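Enquirer: I have a structure here, written as structure tokens, and I will follow up with some questions on it.
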Amino acid sequence: MKRRRFIQTVGAYAALGVAASLPYGVARMLSPHLQAAEHEHIPLPGALADADEFARACISCGLCGEVCPPRCVEFKQRDGGSDVNTPYINPAKKACVLCNKCMEVCPTNALTVIPILDVDMGIAQIDRAACYPWVDEGICGACVVICPLGEKAIHFTFANIYKPAVLDGCVGCGQCVEVCPEPSLPIRIVKRSEGTIAKHGVASRRRSY
Amino acid sequence: MQKSVENPSALRHLNKLRWLVLSLIFLMLVLLPFIHLYQTYVAAHAYDLLLPNEKLIYDAMEWLTGPFTNDPEHELDIIKGTTWSGTLFGFQLSDPLAVVSQVSASLSLYWPFILTGLIPLIVTLVLGRVFCGWICPATFIYELNDTLAAWMRRAGVPLGDKIYDKRIKYLVLIAGLVFSMLLGSIMTAAIYPPAIIGRELYYAVAQGAFGSGAVFFILTILFDLLVARRGFCRYLCPGGALYSLLGRYRLLRIQRVVEACNDCKKCNVVCEFGLDPLQDGFGQECNNCTACIAVCPTDALVFKIQFQDQAFQGPGHLGHAYRNQQTEAEK
Chain A
1343 MKRRRFIQTV GAYAALGVAA SLPYGVARML SPHLQAAEHE HIPLPGALAD ADEFARACIS
1403 CGLCGEVCPP RCVEFKQRDG GSDVNTPYIN PAKKACVLCN KCMEVCPTNA LTVIPILDVD
1463 MGIAQIDRAA CYPWVDEGIC GACVVICPLG EKAIHFTFAN IYKPAVLDGC VGCGQCVEVC
1523 PEPSLPIRIV KRSEGTIAKH GVASRRRSY
Chain B
4 MQKSVENPSA LRHLNKLRWL VLSLIFLMLV LLPFIHLYQT YVAAHAYDLL LPNEKLIYDA
64 MEWLTGPFTN DPEHELDIIK GTTWSGTLFG FQLSDPLAVV SQVSASLSLY WPFILTGLIP
124 LIVTLVLGRV FCGWICPATF IYELNDTLAA WMRRAGVPLG DKIYDKRIKY LVLIAGLVFS
184 MLLGSIMTAA IYPPAIIGRE LYYAVAQGAF GSGAVFFILT ILFDLLVARR GFCRYLCPGG
244 ALYSLLGRYR LLRIQRVVEA CNDCKKCNVV CEFGLDPLQD GFGQECNNCT ACIAVCPTDA
304 LVFKIQFQDQ AFQGPGHLGH AYRNQQTEAE K
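So the protein lines, in turn, are chains A and B.
All residue numbers for the first sequence refer to the working numbering, where the first residue is 1343 and numbers rise by one.
All residue numbers for the second sequence refer to the working numbering, where the first residue is 4 and numbers rise by one.
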């Protein structure tokens, strides 16, 4: 009899626990964790360096999106798992203009105000097998012209006037990605450790011969 | 009694004021994304390149905000955000639930953020759960939904009216904080209806489509409609739980004047949160919404400043039960 009472009590508490966590389970099921390509989901300027820490700090209020003048801040509206409703930038669609507004408005420590030259959203990486000044000596230079940081971030390689090369000063705002006319997107924003030259394609193979 | 019916107390009109406040806040949440769109169009300096519908938004917002500002791109930033977190004339305000959840998820105290929850916290300590009745944009929709349910019942549609234990929502709050800590994201933000509404309205207007939160919100509406009246607020809302706890020793309380009460029970029927004003059962979950004051035919419900509810004062002096007691006592 005592054991039955015990089992009933435990069962009742378990049912209560399930009832209490049911809304969270439903919300979680509605936003499944999908892995997006990293260069399509770059962090906002001034974001915490670690993506997990960012998800813990962001309260998903959407203020960063609501103040963004070019409307480049997007949100993981329907996917993301733990990252659900957190902001990201897809520079191929719309790039950050480094205006500082999102850093200033963020109520939490997810985005903090830092000098523009210290922003680290990633670094631009050029695929030299797709960028047409590199492939067939074409004439372009759009990325170099648009760059808000000028000579610190991207320049033409010496004596090859239209071939762009990214420098260490690049903060990864992605304006070069947005402006690039080549449909195969030879520039993307990647993590700083991956370097400024894509390690695949014809150009790198040619170097290894 | 007769006198009070002829000159109804001014408190009765508070419910209309509440509806005005609720509608205005909901309207603001709809307008702010459009204002943001307008600001981005202004910032782009390219009116001629806008699509026809974008031009429509531009013109409408210019007409709306034109009298107040000459520099829409920057000056309209003074009101931003939602009830979850926002800036209002330079003040940053956040929902106390956002603060609590963020602290439990990040396990660190970031004071600039915690202080943004201070003003709502003080308001809650003094006035009780007023957010739920007077500000929450979800309440606006839930009360309309409740009215719809009443009409459907009158038309003969059988709708569920289940009663559960109101303490479940405190468990939901605790579960939300624990899940936030374990899973590394602010879980309460995903299920808290006012946060969902602010966010989804912004998504729908400025980002082109609703997110998955809209589906969750529709589920809560169906739960309210088909299973339990105001079910989400009463039994599941983690924010309501937090506000109830904070408002337990609130200063301003609706109380019953037993001399004026006639036991008509209208207050119990109209109470969205299933409380029991007729037997002085207000408790920590009363949100001072004044719906019972508005419906009381004898003005027996008034605001009082005290830290605790009155104990049950017996049947109302204008009702049958009290009269029978008196006649029996006289015998």
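Just so you know, even glycine gets a beta-carbon here, dropped at the ideal spot from N, CA and C.
Just so we're clear, the structure is a prediction, and the values are computed from it rather than from any experiment.
Using a Cβ-Cβ cutoff of 8 Å, what residues of the stretch 92 to 103 of chain B are near chain A? List them in chain order.
Expert: Residues passing the 8 Å Cβ filter: Q95, S97, A101.
Enquirer: Pairing CB atoms from the stretch 1401 to 1421 of chain A with CB atoms from the stretch 28 to 44 of chain B, are three or more of them under 8 Å?
Expert: With a cut-off of 8 Å, the stretch 28 to 44 of chain B and the stretch 1401 to 1421 of chain A count as touching, because enough Cβ pairs lie within range.
Enquirer: What's the C-alpha gap between E1479 of chain A and Y1504 of chain A?
Expert: Cα to Cα, E1479 of chain A sits roughly 8 Å from Y1504 of chain A.
Enquirer: Mind checking who S88 of chain B pairs with in its DSSP beta bridge?
Expert: Its beta-bridge partners are B:S97.
Enquirer: Assess, as a yes-or-no matter, whether the stretch 218 to 231 of chain B is touched by the stretch 186 to 199 of chain B under the definition of 3 or more beta carbon pairs within less than 8 Å.
Expert: With the cut-off at 8 Å, the stretch 186 to 199 of chain B and the stretch 218 to 231 of chain B touch.
Enquirer: Going by beta carbon distance, what residues of the same chain come within less than 7 Å of Y206 of chain B, once the five residues before and after it are set aside?
Expert: Counting only Cβ-Cβ distances below 7 Å, and skipping sequence neighbours, we find A212, F213, G214.
Enquirer: Quick one: using the 10 Å Cβ neighbour count with 16 as the cut-off for buried, is F92 of chain B buried or exposed?
Expert: Answer is exposed; the Cβ neighbour count stays below 16.
Enquirer: Give a yes or no on whether the minimum CB-CB distance between W154 of chain B and chain A is below 9 Å.
Expert: No, its Cβ sits nowhere closer than 9 Å to a Cβ of chain A.
Enquirer: Near K6 of chain B, which residues of its chain fall below 7 Å by C-beta distance, leaving aside the five closest residues on each side in sequence?
Expert: With a pLDDT of 45 at K6 of chain B, under the threshold of 50, the modelled position of that residue is not reliable, and the figure given next carries that caveat. Nothing listed; no residue qualifies.
Enquirer: Might you give, ordered along the chain, the residues of its own chain that have their beta carbon closer than 7 Å to the beta carbon of Q309 of chain B, omitting 5 neighbours on each side?
Expert: Counting only Cβ-Cβ distances below 7 Å, and skipping sequence neighbours, we find R256.
Enquirer: Looking at the strands, I want to know which residues DSSP matches up with E1416 of chain A.
Expert: BP columns for E1416 of chain A point to A:Y1430.
Enquirer: Could you spell out where the beta strand (DSSP E) holding K307 of chain B opens and where it closes?
Expert: Start and end: 304 to 308.
Enquirer: By DSSP's criteria, H1497 of chain A is part of a beta bridge. Which residues make up the other side?
Expert: For H1497 of chain A, which the question treats as bridged, DSSP gives the partners A:A1507.
Enquirer: Consider the Cβ of R202 of chain B: report whether some Cβ of chain A lies at a distance smaller than 9 Å.
Expert: For R202 of chain B, the answer is yes, since a Cβ of chain A falls inside 9 Å of its Cβ.
Enquirer: Compare the Cα-Cα distances from G2 of chain B to each of B:A108, B:K268, B:A314 and report the closest residue.
Expert: Because chain B here runs from 4 to 334, residue 2 of chain B falls outside it and cannot be looked at.
Enquirer: Report the partner residues of L1453 of chain A according to the DSSP bridge assignment.
Expert: L1453 of chain A is bridged to A:A1389.
Enquirer: Please compile the residues from chain A whose C-beta is within a distance smaller than 8 Å of the C-beta of M31 of chain B.
Expert: Within 8 Å Cβ-Cβ: nothing; M31 of chain B doesn't reach chain A, min ~12 Å.
Enquirer: Okay, do the stretch 18 to 26 of chain B and the stretch 124 to 139 of chain B touch, 3+ Cβ pairs below 8 Å being the bar?
Expert: Because the criterion of three Cβ pairs below 8 Å is met, the stretch 18 to 26 of chain B and the stretch 124 to 139 of chain B touch.
Enquirer: How would you call E9 of chain B, buried or exposed, if buried means at least 16 neighbouring beta carbons within 10 angstroms?
Expert: With a pLDDT of 49 at E9 of chain B, under the threshold of 50, the predicted position of this residue should be treated as unreliable, though the coordinate-derived value follows. Exposed is the call here.
Enquirer: So, using beta-carbon positions, are T119 of chain B and S88 of chain B closer together than 9 Å?
Expert: Yes, the Cβ-Cβ distance between T119 of chain B and S88 of chain B is below 9 Å.
Enquirer: Measure the alpha-carbon distance for C1518 of chain A versus L1386 of chain A and round it to whole angstroms.
Expert: Each residue's Cα considered, the two are about 16 Å apart.
Enquirer: On the criterion of 16 or more Cβ atoms from any shown chain inside 10 Å, does A178 of chain B qualify as buried, or is it exposed?
Expert: Per the 10 Å Cβ criterion, buried.
Enquirer: Sorted by chain position, which residues of the same chain lie with C-beta nearer than 7 Å to E1524 of chain A's C-beta, five sequence neighbours on each side aside?
Expert: Around E1524 of chain A: A1472, C1473, Y1474.
Enquirer: According to DSSP, is D279 of chain B helix, strand or coil?
Expert: Strand.
Enquirer: Are the CB atoms of R253 of chain B and T127 of chain B within a distance shorter than 9 Å?
Expert: Yes, Cβ-Cβ distance for T127 of chain B and R253 of chain B is below 9 Å.
Enquirer: Buried or exposed: H1375 of chain A, going by 16 or more other Cβ atoms within 10 Å of its Cβ?
Expert: So H1375 of chain A ends up on the exposed side.
Enquirer: Can you find a CB in chain B that lies within less than 9 Å of the CB of E1493 of chain A?
Expert: Cβ-Cβ to chain B under 9 Å: no for E1493 of chain A.
Enquirer: Which value, in whole angstroms, describes the spacing of the CA atoms of N327 of chain B and D266 of chain B?
Expert: Cα to Cα, N327 of chain B sits roughly 13 Å from D266 of chain B.
Enquirer: Could you tell me the distance, in whole angstroms, from the CA atom of Y1366 of chain A to the CA atom of T72 of chain B?
Expert: Those two C-alpha atoms are separated by around 42 Å.
Enquirer: Can you name the start and end residues of the alpha helix (DSSP H) that I177 of chain B belongs to?
Expert: Unbroken alpha helix (DSSP H) run through I177 of chain B: 171 to 186.
Enquirer: Under 9 Å between beta-carbons, which chain B residues line up against T1351 of chain A? List them in chain order, please.
Expert: Going along chain B, no residue has its Cβ under 9 Å from T1351 of chain A, so there is no contact; the nearest lies around 16 Å.
Enquirer: Taking C-beta to C-beta, are R237 of chain B and D149 of chain B nearer than 9 Å?
Expert: Cβ atoms of R237 of chain B and D149 of chain B: not closer than 9 Å.
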